[in-house]
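J.:
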Amino acid sequence: MKKLKLQIQISVDGYIADSQGRTDWMIWNWGPTWTWDDPLQKYFIDLHATIDTVLPSRKMAAEGFIDHWARVASNPGDPQYPFAKAITAAHKVVFTKTLSQSVWENTSLAKGNLAEEINTLKKQDGKDMIVYGGASFVSSLIAAGLIDEFHLFVNPVALGSGLSIFKDPGYKRDLTLVASQSYDCGMAVLTYVPAKGKQ
Numbered sequence: 019m020k021k022l023k024l025q026i027q028i029s030v031d032g033y034i035a036d037s038q039g040r041t042d043w044m045i046w047n048w049g050p051t052w053t054w055d056d057p058l059q060k061y062f063i064d065l066h067a068t069i070d071t072v073l074p075s076r077k078m079a080a081e082g083f084i085d086h087w088a089r090v091a092s093n094p095g096d097p098q099y100p101f102a103k104a105i106t107a108a109h110k111v112v113f114t115k116t117l118s119q120s121v122w123e124n125t126s127l128a129k130g131n132l133a134e135e136i137n138t139l140k141k142q143d144g145k146d147m148i149v150y151g152g153a154s155f156v157s158s159l160i161a162a163g164l165i166d167e168f169h170l171f172v173n174p175v176a177l178g179s180g181l182s183i184f185k186d187p188g189y190k191r192d193l194t195l196v197a198s199q200s201y202d203c204g205m206a207v208l209t210y211v212p213a214k215g216k217q
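Numbers 19 to 217, taken from the numbering used here, label the letters of the sequence shown in order.
#1: Measure the C-alpha to C-alpha separation of TRP54 and SER118 and round it to an integer number of angstroms.
#2: In the structure shown, what three-state DSSP assignment does TYR150 receive?
#3: Would you list the one or two residues that DSSP bridges to GLN59?
#4: Just tell me which of TYR99, SER120, SER92, LEU73 has its CA closest to the CA of GLN59.
#5: Of the residues SER182, PHE171, LEU177, which one's Cα is nearest the Cα of ALA161?
#6: For the segment 86-101 and the segment 128-148, state whether three or more C-beta atom pairs, one from each stretch, are separated by less than 8 Å.
#7: Give me, in chain order, the residues of the same chain whose beta-carbon lies closer than 7 Å to that of TYR61; leave out the 5 immediate sequence neighbours on both sides.
#8: Helix, strand or coil, according to DSSP, for THR53 in the structure here?
#9: To the nearest angstrom, how far is the alpha carbon of GLY180 from that of LEU65?
#10: Would you mind stating whether ALA108 and THR71 have Cβ atoms separated by less than 8 Å?
#11: Based on the DSSP output, what are the partners of PHE171 in its beta bridges?
#12: When you compare the CB positions of TYR150 and PRO57, do they come within less than 8 Å of one another, or not?
Okay, structure coming up:
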């Protein structure tokens, strides 16, 4: 069965954006200059080699996530090309209640119950899935117990307040740490899975 993986950047105190929604505190914020060190870039690329389906939130898709990475994937000389190629080649599934048809290439819409739609996707053959989205979308997946792996890319900054993916999940999340690694650029990657018997 496919796994649903979450890869997301956070602060050391658990926020994905500050209280104004800004993310300029991240070491790399999807800009053209890839400011992570080479080993972290490799981890990121290798993670995306394990997936064939991307679940971007509707808002992220509408803000240009799919189109942006398609443009990067058209330039083999770009250092972000391997990641962009994986994102572009993967099937995208956008969860929406408002859109009637997809305007993006290689993308379909999911309009039904979130858990039912994702569990149906998990039963399909192929590689794993990865989700990209804002706090609300990701929180709903966590609350429904749908995330199988948490890849938390921790930036060396504390924000004090902001947007959290663990806001009001409805119940406590018990996780098991399966890997941790620090990087010269200042980042740390913590990988968790749901604790057995605690879902």
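Glycine residues also receive a C-beta, built at the ideal position from the N, C-alpha and C atoms. Quick caveat, the model's predicted, so the values are computed rather than measured.
T.: So, to answer that:
#1: 38 Å
#2: strand
#3: DSSP lists no partner for GLN59.
#4: TYR99
#5: SER182
#6: no
#7: VAL207
#8: coil
#9: 27 Å
#10: yes
#11: GLN27, VAL207
#12: no
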